[in-house]
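The next block holds one structure in the form of structure tokens; read it before the comments.
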Amino acid sequence: MNLRYMTKELYYQKRRTLMSIFGLSTGIALLIVLNSLSLAYRQAAHVPLKEIGADITVQRSGDVPKDLAGAVFPCSAVTIRKEEVEKIQKLPGVRGIGTGLLLWVFDPNRAWIVLGIEKENSIGPSLLRSSVTEGRFLEDGKPEALVEQAYARQFGIRLNDAISVADKKFPVVGFVDASRAAKIAIANVYLPLKEAEDLAASSKGLQSVSPYEPGDVNLLFIKADQEKITDLASEMKGILGNKATVATPDSFLKLLGSLFALSDKFTLAASLIAIIIAVLIAFKTMAGNIAERAREIGVLKAVGWTNRNVVYQLMLESVIQCFIAGILGLLIALVASFGLSFMKVNIPIPWEMSPTPHFLPGGGDQIFKTLRLPVHVPWNLAFFAVLLSIIIGGLTGGLLGRHISKIKPSEVLRHE
Amino acid sequence: MDLSKKYGDLEVVKGVSLSIDAGEFVCLVGKSGCGKTTLLSLLSGLEKPTRGRVILNGKEINGASEDELALFRRENVGFIFQSFNLIPTLAAWENVALPLFPLKMTNEERHLRAMELLGKMDLGHRIKHLPSALSGGEKQRVAIARALINNPKIIFADEPTGNLDSSTGEAIMGILNKLHRDEGVAILMVTHEVELAKAANRLIRMKDGEVVS
């Protein structure tokens, strides 16, 4: 193999070299961009749950409250028994669990969406601590409330006011900005879990639809081993029965509806097609180039180059061309990914996961989590793409080289 | 000895026997299509005979594989072609050094050896030029330098002046004569011009695939 010869061949055969490089680099760029997009949609699908510190959320749907008075459970989130929570906690792969109690409270003059939250838990709505815009977060053992900022503004609720929820007074100790918080289990009022449990336990209307005891909850937020999420989802459904609603990143991915999000197989098939087309372009260009060089190969053989010498030389040319194509493809993909990362994606949050009475203003509106698509090129994908281009170069050069090295010098060197 | 070459039913070389001594200058003449180039290909190991044996530098090359033949040519044989057959993307010195590319040696060594030969061909000022920038005579002189780079025992020249005007052709013949005379290299030259063949020690005439005199 001779580097000088290879360099000059690629340099002086610019048109063919560039065609071959651009053909393959387009395919490599497509491969990287398609896979980066697919990955970005997958990562985006994790965001709604990640914002609430969970990998899985669990609810159970039940009957619609007969009478919308006092505290009731939304029909999408009825009682999950304490024993069921304990069973779920023991499942292998569950790394942590957060709980919540979501209530609709219909007082004579006002309707509240109330969420009872644990005060200290890195999983679940207690992450609201970082969304407090005024006042402070809930403190241990105190019957106090946080109010959503926009709701407080709408109804003129001020800090240190006492609000009455289901005939119980709670001082407002802080405001939270729901637009900065997770879009799952959005409420107007946030109470300590214990207080929400008391409201639920003492509500006859609620008990008549979905029997409840203190310690039970209706929202579970679960942190789990990533590779076990799918299996855990089906095990949880097994524990809670067929009315369980188990949300995972995969379920959000399906809601996104994009082709990239819908199927790994689509991404794989599209990547394969891109690569095959690119390889064919590169192969055809190189084959044309090598066929044109039959006389040159004849000269090489006549002056003492062995078949192996010829094959290695052509392989070197092909590998270097394809390596350059791989790097160029990677650069194109990086630029394209940067451009695509400005694209916004709206992830719909199912009504069931953040239920609001339909008759309240905005109650029937679809909630979306809007975010910039986190498109980036992971280093292992970049490495794979460049490696793939080198392998393509090696195979193409090797195959074409083997074929052309079989020519007889006497056949191609006969004078005109 | 008793060399024959058939392409399908067509026998191009028919039972030719000849020998060339070390340092001898032999010219193979005959009309176009009489089998001269095929015989040259058989004798140089570029082509395998249908029948007969070729012994070159004391070694029978008939049974050798393609790669063995290539290595044999690298060590013993030099070629000069009518259409020069230089690699268009390589500079003059690189074309001269082409047979050395597969050998384990530094680029500097190759360069020095090529420079020395190009100097002998009065092309010291054209070493970095591409073939497209060289005249026909210069191209052929580069090709001669390439044929000499491996210190061959014999040079096979196929119509070396065929693409050149008469004065350039004479100059090339002068170089070949000088090589034969001063370096003692054996030369087998194919030509259809009997005038050129006068420079040779021996003349072999071919007609319809057979040696006639």
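As given, the protein sequences belong to chains C and U, one line each in that order.
Just so you know, we're using this note's numbering here: the first sequence kicks off at 1 and counts up by one.
Just so you know, we're using this note's numbering here: the second sequence kicks off at 1 and counts up by one.
Glycine included, C-beta positions come from ideal geometry on N, C-alpha and C.
Give, in chain order, every unbroken run of the alpha helix (DSSP H) that is at least 4 residues long and sits entirely within the stretch 128–185 of chain C.
149–155
So, at 6 Å on beta carbons, what are the nonlocal neighbours of Val-58/C in its own chain, with the 5 sequence-adjacent residues on each side left out?
For the purposes of this step, residue 58/C is taken as the residue at position 58 of the first sequence. Correct list, in chain order: Leu-220, Met-236 and Val-246.
Have a look at Ile-390/C and Lys-8/C and give me their C-alpha separation to the nearest angstrom.
Taking the first residue of the first sequence as position 1, residue 390/C is located at position 390. Taking the first residue of the first sequence as position 1, residue 8/C is located at position 8. Straight-line Cα distance between these residues: approximately 20 Å.
CB contact flag (Val-165/C, Leu-199/C, <9 Å):
Translated into the one-based positions of the first sequence, residue 165/C becomes position 165. Translated into the one-based positions of the first sequence, residue 199/C becomes position 199. Yes, the Cβ-Cβ distance between Val-165/C and Leu-199/C is below 9 Å.
Identify every residue that forms a DSSP beta bridge with Met-189/U.
Taking the second sequence and counting its residues from 1, the one referred to as residue 189/U is at position 189. In DSSP, Met-189/U forms a bridge with Cys-27/U and Ala-157/U.
Looking at the unbroken beta strand (DSSP E) that takes in Tyr-12/C, where does it start and where does it end?
In the first sequence, counting from the first residue as 1, residue 12/C sits at position 12. Counting along the chain, Tyr-12/C falls outside any beta strand (DSSP E), though it belongs to the alpha helix (DSSP H) covering 3–12.
Would you say Leu-330/C and Asn-35/C are within 9 Å of each other, going by their C-beta atoms?
Position 330 of the first sequence holds residue 330/C. Position 35 of the first sequence holds residue 35/C. Taking 9 Å as the Cβ cut-off, Leu-330/C and Asn-35/C do not qualify as a contacting pair.
Could one say the Cβ of Thr-38/U lies closer than 9 Å to chain C's Cβ atoms, at least one of them?
In the second sequence, residue 38/U corresponds to position 38, counting from 1. With 9 Å as the cut-off, Thr-38/U counts as an interface residue toward chain C.
Simplified DSSP state of Trp-104/C, which is helix, strand or coil:
Residue mapping note: residue 104/C aligns to position 104 of the first sequence, counting from 1. Strand.
Could you confirm whether any beta carbon from chain U is found closer than 9 Å to the beta carbon of Ser-20/C?
On the first sequence, position 20 is the one that residue 20/C refers to. Judged by the 9 Å Cβ criterion, Ser-20/C is not in contact with chain U.
Please list the segments of the beta strand (DSSP E) lying wholly inside the stretch 203–229 of chain C, counting only runs of 3 or more residues, in order along the chain.
219–224
Helix or strand or just coil, what does DSSP make of Trp-500/C?
The question about residue 500/C has no answer, for chain C in this structure spans 1 to 416.
8 Å Cβ cut-off: residues of chain C touching Glu-67/U:
Translated into the one-based positions of the second sequence, residue 67/U becomes position 67. Reading the sequence as shown, one finds Asp at residue 67/U and not Glu. Within 8 Å Cβ-Cβ: Thr-306, Asn-307 and Arg-308.
Rounding to the nearest angstrom, what Cα-Cα distance links Pro-192/C and Val-217/C in this structure?
In the first sequence, counting from the first residue as 1, residue 192/C sits at position 192. In the first sequence, counting from the first residue as 1, residue 217/C sits at position 217. Roughly 13 Å separates the two Cα atoms.
C-beta neighbour in chain C for Pro-49/U, strict 9 Å
Walking along the second sequence from the start, residue 49/U turns up at place 49. Not closer than 9 Å to any Cβ of chain C, the Cβ of Pro-49/U fails to qualify, so no.
Mind checking Lys-254/C: buried by the 16 CB within 10 Å criterion, or exposed?
If you number the first sequence from 1, residue 254/C lands on position 254. The residue in question, Lys-254/C, is exposed, as its Cβ has fewer than 16 Cβ neighbours within 10 Å.
Start-to-end residues for the beta strand (DSSP E) that takes in Arg-81/C:
Against the first sequence, residue 81/C aligns to sequence position 81. Taken as a continuous stretch (DSSP letters only), Arg-81/C belongs to no beta strand (DSSP E), as it is neither H nor E.
If we call anything under 9 Å between Cβ atoms a contact, is Phe-156/U one with Phe-79/U?
Translated into positions along the second sequence, residue 156/U becomes position 156. Translated into positions along the second sequence, residue 79/U becomes position 79. Contact: yes.
Quick one: what's got a C-beta closer than 6 Å to Asn-177/U's C-beta in the same chain, skipping five residues either side?
The residue you call residue 177/U lines up with position 177 of the second sequence. For Asn-177/U, where only same-chain residues beyond five positions count, the Cβ hits under 6 Å are Ala-199.
Looking at the C-beta of Arg-292/U, does it have a partner C-beta in chain C at a distance below 9 Å?
Beyond the ends of chain U as shown, which are 1 and 213, falls residue 292/U; an answer cannot be given.
State the CB to CB distance for the pair Val-77/U and Pro-152/U, rounded to an integer number of angstroms; the pair is presumed to be in contact (CB under 8 Å).
Position 77 of the second sequence, counted from the start, is the residue given in the question as residue 77/U. Position 152 of the second sequence, counted from the start, is the residue given in the question as residue 152/U. Going by Cβ atoms, the distance from Val-77/U to Pro-152/U rounds to 5 Å, so yes, they are a contact pair.
Among the residues of its own chain, which have a CB less than 7 Å from the CB of Ala-294/C, if the five just before and after it don't count?
Counting from one through the first sequence, the residue named residue 294/C turns up at place 294. Same-chain partners within the cutoff: Ile-404, Ile-407 and Val-412.
One question on the structure: do Gly-298/C and Pro-409/C come within less than 9 Å of each other, judged by their Cβ atoms?
Numbered from its first residue, the first sequence carries residue 298/C at position 298. Numbered from its first residue, the first sequence carries residue 409/C at position 409. Taking 9 Å as the Cβ cut-off, Gly-298/C and Pro-409/C qualify as a contacting pair.
Report the residue from Arg-308/C, Ser-25/C and Arg-4/C whose alpha carbon sits nearest the alpha carbon of Ala-282/C.
Position 282 of the first sequence holds residue 282/C. Cα-wise, what sits closest to Ala-282/C is Ser-25/C.
Using C-beta distances below 6 Å, list every residue in its chain close to Pro-355/C, excluding the 5 sequence neighbours before and after it, in chain order.
Here residue 355/C corresponds to residue number 355 of the first sequence, with the count starting at 1. Cβ neighbours of Pro-355/C beyond the five flanking positions: Pro-74 and Ser-76.
If we count the other Cβ atoms within 10 Å of its Cβ and call it buried at 16 or more, is Phe-383/C buried or exposed?
What you label residue 383/C is simply residue 383 of the first sequence in a count that begins at 1. Exposed: under 16 other Cβ atoms inside 10 Å.
What are the residues that DSSP puts in a beta bridge with Pro-192/C?
Taking the first residue of the first sequence as position 1, residue 192/C is located at position 192. Beta-bridge pairing links Pro-192/C to Ile-117/C.
Please report the distance separating the alpha-carbon of Lys-59/U from that of Leu-112/U.
Your numbering for residue 59/U matches position 59 in the second sequence. Your numbering for residue 112/U matches position 112 in the second sequence. Going by the C-alpha atoms only, they are around 31 Å apart.
Touching or not, the stretch 115–122 of chain U and the stretch 137–153 of chain U, by the rule of three or more beta carbon pairs under 8 Å?
yes
Taking a cut of 9 Å between CB atoms, which residues from the stretch 114–136 of chain U lie near chain C?
Leu-130
Name the chain C residues that come within less than 7 Å of Leu-188/U, Cβ to Cβ?
As a first step, residue 188/U is located in the second sequence; it is residue number 188 there, counting from the start. Under the 7 Å cutoff, chain C gives no residues; its nearest Cβ is about 15 Å from Leu-188/U.
Using a Cβ-Cβ cut-off of 6 Å (strictly less than) and excluding sequence neighbours within five positions of Glu-416/C, which residues of its own chain qualify?
What you label residue 416/C is simply residue 416 of the first sequence in a count that begins at 1. With a pLDDT of only 46 at Glu-416/C, under the threshold of 50, the placement of this residue in the model should not be trusted; the figure read from the coordinates follows. Contacts found: none.
Curious, which full-length alpha helix (DSSP H) runs of at least 4 residues does the stretch 96–157 of chain U contain?
107–120 and 136–148
Using alpha carbons as the reference points, say which of Ile-28/C, Leu-10/C, Phe-22/C and Arg-15/C lies closest to Ile-273/C.
Reading the first sequence from its first residue, position 273 is the one you call residue 273/C. The shortest Cα separation from Ile-273/C among Ile-28/C, Leu-10/C, Phe-22/C and Arg-15/C belongs to Ile-28/C.
Comparing the C-beta of Gly-398/C with each C-beta of chain U, is any distance below 9 Å?
Within the first sequence, numbered from 1, the residue matching residue 398/C stands at position 398. No - not a single Cβ of chain U is within 9 Å of the one on Gly-398/C.
For Ser-4/U, the residue or residues it bridges with in DSSP
Taking the first residue of the second sequence as 1, we reach residue 4/U at position 4. In DSSP, Ser-4/U forms a bridge with Arg-51/U.
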